[in-house]
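S.K.:
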Amino acid sequence: STGEGRPTVLKHSVDATYEEPGPSPTYRMELSIFYVVYFVAFPFFFVNIFVALIIITFQEQGDKVLCECSLEKNENNFINLRFLRLFRAARLIKLLRQGYTVCILLWTFVQSFKALPYMCLLIAMLFFIYAIIGMQ
Numbered sequence: 216s217t218g219e220g221r222p223t224v225l226k227h228s229v230d231a232t233y234e235e236p237g238p239s240p241t242y243r244m245e246l247s248i249f250y251v252v253y254f255v256a257f258p259f260f261f262v263n264i265f266v267a268l269i270i271i272t273f274q275e276q277g278d279k280v281l282c283e284c285s286l287e288k289n290e291n292n293f294i295n296l297r298f299l300r301l302f303r304a305a306r307l308i309k310l311l312r313q314g315y316t317v318c319i320l321l322w323t324f325v326q327s328f329k330a331l332p333y334m335c336l337l338i339a340m341l342f343f344i345y346a347i348i349g350m351q
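Per this note's numbering, the very first residue in the sequence shown carries number 216; after that it's consecutive.
1. Evaluate Val266 with the Cβ neighbour count: other Cβ atoms within 10 Å of its Cβ, from every protein chain shown; 16 or more gives buried, anything less gives exposed.
2. Does the segment 244–258 come within contact of the segment 223–234, defined as at least 3 CB pairs closer than 8 Å?
3. May I have the straight-line CA-CA distance separating Ser216 from Leu321, to the nearest angstrom?
4. Can you name, in chain order, every residue of its own chain whose Cβ lies under 6 Å from the Cβ of Gly237, other than the five neighbours on each side?
5. So the alpha helix (DSSP H) Tyr250 belongs to, where does it begin and stop?
6. Helix, strand or coil: how does DSSP classify Glu219 here?
7. Is it true that the CB of Tyr250 sits closer than 8 Å to the CB of Phe225?
8. In this structure, does DSSP put Ser239 in helix, strand or coil?
9. What residue from Ala256, His227 and Thr323 has the CA that sits closest to Tyr242's CA?
10. May I ask you to report which of helix, strand or coil DSSP gives Ala231?
11. Tell me the DSSP secondary structure of Gln276 in three-state form.
12. At which residues does the alpha helix (DSSP H) containing Phe343 begin and terminate?
Structure (structure tokens):
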């Protein structure tokens, strides 16, 4: 189930002959074609179909909402963006009015950037150690 040894099993299935004789290299090439189609083509097409269905569904829902409005599509987008920007600025002003706690939070966030190189170095060291262990 983890995939370990799966290529070997697939190779043995392609080499398999009948019950009595031993394996013959590339005896059943139709199985290798089946494996390529099964592991490459099917997942590709099914994922694309799934994504396309999701996109079409959300697009239909969005068009249904736009039909209920009296505005054109471009006018609606313009108004939505302006409206959201206004609320974003209002939220920021509201947060800044809270004062002391937000200042402490922002100061902590700025000070944490000092530790960023050390964290990157730690991650690189762990990656290197696991790479060395994996090569053994």
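Positions of the beta carbon are idealized from the N, C-alpha and C atoms, including for glycine. Note that the structure is a prediction, hence the values are computed from the model and not measured.
M.R.: Well, looking at it:
1. exposed
2. yes
3. With a pLDDT of 48 at Ser216, under the threshold of 50, the modelled position of that residue is not reliable, and no figure is offered here.
4. none
5. Met244 to Val251
6. coil
7. Per the sequence shown, residue 225 should be read as Leu rather than Phe. Yes, these two residues count as a Cβ contact at 8 Å.
8. coil
9. His227
10. coil
11. helix
12. Leu331 to Met350
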